[in-house]
Amino acid sequence: MKPVYLDNNATTRLDPMVLEAMMPYLTEHYGNPSSIHDFGGPGRVALARARAQLATLLGASYESEIVFTSCATEATSTAIHSAVTLAPEKKEIITTAVEHPATLAVCENLERMGYTIHRLAVNEQGALDLEQYRALLNPNVALVTVMWANNETGVVFPVPEMAEMAHEQDILFHCDAVQFVGKCPISLANTAIDMLSCSGHKFHGPKGIGALYIRRNTRFRPFLRGGHQERGRRAGTENIAGIVGMGAASELADIHMPMMQSGIEALRSRLEQGLVAQIPHALVMGQGQPRTPNTLNIAFEFIEGEAILLLMNQVGIAASSGSACTSGSLEPSHVMRAMSIPYTAAHGSIRFSLSRYTREKEIDYVIEQLPAIVSRLRTLSPYWQEGKPEAAITQDFLPTYG
Ligand code: PLP
Numbered sequence: 001m002k003p004v005y006l007d008n009n010a011t012t013r014l015d016p017m018v019l020e021a022m023m024p025y026l027t028e029h030y031g032n033p034s035s036i037h038d039f040g041g042p043g044r045v046a047l048a049r050a051r052a053q054l055a056t057l058l059g060a061s062y063e064s065e066i067v068f069t070s071c072a073t074e075a076t077s078t079a080i081h082s083a084v085t086l087a088p089e090k091k092e093i094i095t096t097a098v099e100h101p102a103t104l105a106v107c108e109n110l111e112r113m114g115y116t117i118h119r120l121a122v123n124e125q126g127a128l129d130l131e132q133y134r135a136l137l138n139p140n141v142a143l144v145t146v147m148w149a150n151n152e153t154g155v156v157f158p159v160p161e162m163a164e165m166a167h168e169q170d171i172l173f174h175c176d177a178v179q180f181v182g183k184c185p186i187s188l189a190n191t192a193i194d195m196l197s198c199s200g201h202k203f204h205g206p207k208g209i210g211a212l213y214i215r216r217n218t219r220f221r222p223f224l225r226g227g228h229q230e231r232g233r234r235a236g237t238e239n240i241a242g243i244v245g246m247g248a249a250s251e252l253a254d255i256h257m258p259m260m261q262s263g264i265e266a267l268r269s270r271l272e273q274g275l276v277a278q279i280p281h282a283l284v285m286g287q288g289q290p291r292t293p294n295t296l297n298i299a300f301e302f303i304e305g306e307a308i309l310l311l312m313n314q315v316g317i318a319a320s321s322g323s324a325c326t327s328g329s330l331e332p333s334h335v336m337r338a339m340s341i342p343y344t345a346a347h348g349s350i351r352f353s354l355s356r357y358t359r360e361k362e363i364d365y366v367i368e369q370l371p372a373i374v375s376r377l378r379t380l381s382p383y384w385q386e387g388k389p390e391a392a393i394t395q396d397f398l399p400t401y402g
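The letter at position 141 of the sequence shown is residue 141 when you use the UniProt record's numbering, and the numbering goes up by one with no holes.
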């Protein structure tokens, strides 16, 4: 059995067809697309093609709405920077408590500069409260920035509806769609989303390439200034091979979309049901909410996620955990904390993320291996008493979140 890779929300395998499309631009077509001589031609043509391919995947109205960047982090920084520099008198930003650090860290920085950052809360299922959101919309808001799908739980937010609500008050709306693009169909032309970030390596494209969608006629200020690449919206010589790769990956994602929506979702359900049936005290995060078809997050109560990951790795299974080792102690992720998941569960949260390369026999192997791993760790856990784990838990014993 080859190692089983279930960490596709971290990054995905490069599709061999994507590599094939990229190769000429890493070898013979090395010209700069800005050059007037013949060496520039192939790059220019490839750039236009990739822009069209990504625009199609996103359902954008115009290819020119796509600006290539170095990654989604850059795209999101650019969107937020643009919104705040365009309207310096507006000092509020609305986001959520469960965004990726690419958004949260920029917002924290703005907070230090005097901005008010409204971080929308989520409930235990990871869902937002749209009434709380509606109440926060006001003319002093420079930008709403909300992710379409959460990277840890896969929970999908009602972004089109939220964008409409922002537009009713003439407020700019940006979406981090890194975990949504390539997994769920999108038709940006039919939404009120002004800007959207995505990343090539999350849907079988290469690393180091991302894009920012900017709706035509949206007020915009560039972040990287210099040359006139990307129509003056993002300076810097284009990463042609990366862009070609992201374009090819977009076309393939479109082709595989029905399979993602049915086949991958079926495998995810098989994994979910198989694990929950065999492992007691296994809580599915975001259950009952719309979720991306490839993501499953389960909190195995009374044990540490990192220990589960290490033992899974020993039997050739790769996944990821919500807890991160900070200053010597394992802290549940900000997403688990925002969802008010009890401490003893949040620590044992594991994210399994599938892709179109995931096979049923791999899912069955995980279902076969994991129950023994969890029960072995529970026998070592001070929180766990066989058969009656509640007895091990007292209120005094439970630390509170800082
Ligand atoms: N936003 C989300 C939701 C993500 O999951 C990630 C990456 O994991 C990013 C942003 C950052 O993407 P990139 O690494 O391309 O900058």
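Backbone N, C-alpha and C fix where the C-beta goes; we use that ideal spot for every residue, glycine too.
Three-state secondary structure assigned by DSSP to residue i
i	result
F203	helix
I393	The pLDDT assigned to I393 is 49, lower than 50, so where the model puts this residue is not dependable, and the model offers no usable value.
F220	coil
H256	helix
R351	strand
L137	coil
L26	helix
Y383	coil
G402	The pLDDT assigned to G402 is 32, lower than 50, so where the model puts this residue is not dependable; a value taken from the coordinates is nonetheless given after this. DSSP places G402 in coil when its eight states are reduced to three.
Start and end residues, alpha helix (DSSP H) containing residue i
i	result
V146	Counting along the chain, V146 falls outside any alpha helix (DSSP H), though it belongs to the beta strand (DSSP E) covering 141 to 147.
H81	72 to 86
A266	265 to 278
L110	101 to 112
E92	Premise fails: E92 lies in the beta strand (DSSP E), 92 to 96, not in any alpha helix (DSSP H).
I367	360 to 380
M336	334 to 338
Y62	Run containing Y62: none; DSSP gives neither H nor E here.
Y343	343 to 346
A10	Taken as a continuous stretch (DSSP letters only), A10 belongs to no alpha helix (DSSP H), as it is neither H nor E.
A50	41 to 58
Proximity to residue i [Cα-Cα], best of the options
i	options	result
G114	E124, K90, H100	K90
P139	L172, V159, I214	L172
M336	I117, H204, A127, L6	A127
V98	Y343, N151, L212	N151
M285	H256, P160, T95, H347	H347
G227	A192, S34, L6	S34
A253	H204, A55, Y343, I317	H204
I341	L380, Q287, L86, A211	Q287
residue 405	A372, A266, D7, G43	Nothing can be reported for residue 405, as the shown portion of the chain is limited to 1 through 402.
T95	E124, G59, Q132	Q132
T103	V156, R49, A177	A177
I117	R233, A142, D129	A142
V106	A83, F302, V122, I255	A83
E360	S197, R268, L54	R268
P101	W384, L137, S70, T145	T145
R231	A87, V67, P290	V67
T191	G154, H167, L14	H167
S375	S333, M312, E331, Y357	M312
Y5	L330, Q169, G316	G316
W384	A50, F302, P293	F302
V18	A10, Q53, M1	Q53
V45	E331, I240, L380	I240
heavy atom of ligand 2 below 7 Å from residue i C-beta
i	result
D7	Although ligand 2 was asked about, the structure shown includes only ligand 1 as ligands.
Residue span of the beta strand (DSSP E) that contains residue i, given as start and end
i	result
T116	116 to 120
L212	210 to 214
T237	Premise fails: T237 is in no beta strand (DSSP E) and is neither H nor E.
T69	66 to 69
Report the start-end ranges of each alpha helix (DSSP H) in the stretch 281 to 332 that is 4 residues or longer and not cut off at the edges.
With a minimum length of 4 residues, the continuous alpha helix (DSSP H) runs that stay inside the stretch 281 to 332 are 305 to 314.
Across the stretch 7 to 27 and the stretch 234 to 249, are there enough close Cβ pairs to call them in contact, namely three or more that are closer than 8 Å?
Touching, yes, given that three or more Cβ pairs across the two stretches are closer than 8 Å.
Beta strand (DSSP E) runs wholly inside the stretch 160 to 208, at least 3 long, in chain order:
As far as the stretch 160 to 208 is concerned, its whole beta strand (DSSP E) runs of at least 3 residues are 173 to 176, 195 to 199.
The stretch 60 to 80 / the stretch 306 to 319 touching (three or more Cβ pairs under 8 Å)
By the Cβ rule, the stretch 60 to 80 does not count as touching the stretch 306 to 319, because fewer than three pairs are nearer than 8 Å.
For the 8 Å Cβ check, are there 3 or more pairs between the stretch 295 to 302 and the stretch 349 to 363?
Segments in contact, yes.
Looking at C-beta atoms only, is the number of pairs between the stretch 219 to 227 and the stretch 246 to 262 that lie closer than 8 Å three or more?
Counting C-beta pairs with one atom in each stretch, the stretch 219 to 227 and the stretch 246 to 262 have fewer than three that are closer than 8 Å, which means they do not touch.
When you compare the stretch 366 to 375 with the stretch 268 to 280, are there three or more beta-carbon pairs, one atom per stretch, that lie closer than 8 Å?
Touching, per the Cβ criterion.
Would the stretch 194 to 203 count as touching the stretch 34 to 49 if we require 3 or more Cβ pairs under 8 Å?
Cβ pair count under 8 Å is below three, so no.
Do three or more CB pairs link the stretch 151 to 165 to the stretch 53 to 72 at distances below 8 Å?
Contact between the stretch 151 to 165 and the stretch 53 to 72 is absent, with fewer than three C-beta pairs closer than 8 Å.
Is it true that the stretch 103 to 113 meets the stretch 81 to 95, where meeting means three or more beta-carbon pairs spaced less than 8 Å apart?
The stretch 103 to 113 is in contact with the stretch 81 to 95.
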